[in-house]
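Structure, as structure tokens:
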Amino acid sequence: MSEPATPPPRPTPPDRIREEHHRDGTLKARGGMLGDELHGAWQWWRADGSLMRSGAFDRGRQVGEWTTHDRHEAPVRTTSFGE
Numbered sequence: 001m002s003e004p005a006t007p008p009p010r011p012t013p014p015d016r017i018r019e020e021h022h023r024d025g026t027l028k029a030r031g032g033m034l035g036d037e038l039h040g041a042w043q044w045w046r047a048d049g050s051l052m053r054s055g056a057f058d059r060g061r062q063v064g065e066w067t068t069h070d071r072h073e074a075p076v077r078t079t080s081f082g083e
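Under the UniProt record's numbering, the residues of the sequence shown are numbered 1 to 83, in order.
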């Protein structure tokens with residue numbers, strides 16, 4: 001009998017959530033941190049509150065699919081980063 005397959009390692013979850021704000025106090029960015037590096041899902045918003053960009057980091061490095069949105073939050077561009 002063969003050994004059971006080893007499952008792939010699970011991604012390390014962020015250890016905290018970080019938020020940044022525009023000068024008027026509205027949310028500018030929100031996402032996970034692992035130590036002092038951006039890690040996990042992140043989103044950025046314009047001062048008018050519309051979603052501008054979303055994607056993920058792996059220990060400070062952009063990974064996966066990133067989406068840029070227009071002012072009506074419709075996707076206008078998708079960029080892929082290596083895993």
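Don't be surprised by glycine CBs; every beta carbon is placed ideally from N, CA and C.
- Pairing GLN62 with PRO13, the inter-Cα distance amounts to about 15 Å.
- Shortest Cα-Cα distance from VAL76 to any of ALA56, PRO7 and LEU51 involves LEU51.
- Ranked by Cα distance from ARG71, the options GLY25, ASP48 and THR79 are led by ASP48.
- The residues ALA29, MET52 and ARG53, in chain order, have a CB closer than 6 Å to that of TRP44 in the same chain once the five nearest residues on each side in sequence are set aside.
- Shortest Cα-Cα distance from ASP24 to any of ARG46, TRP42 and ILE17 involves ARG46.
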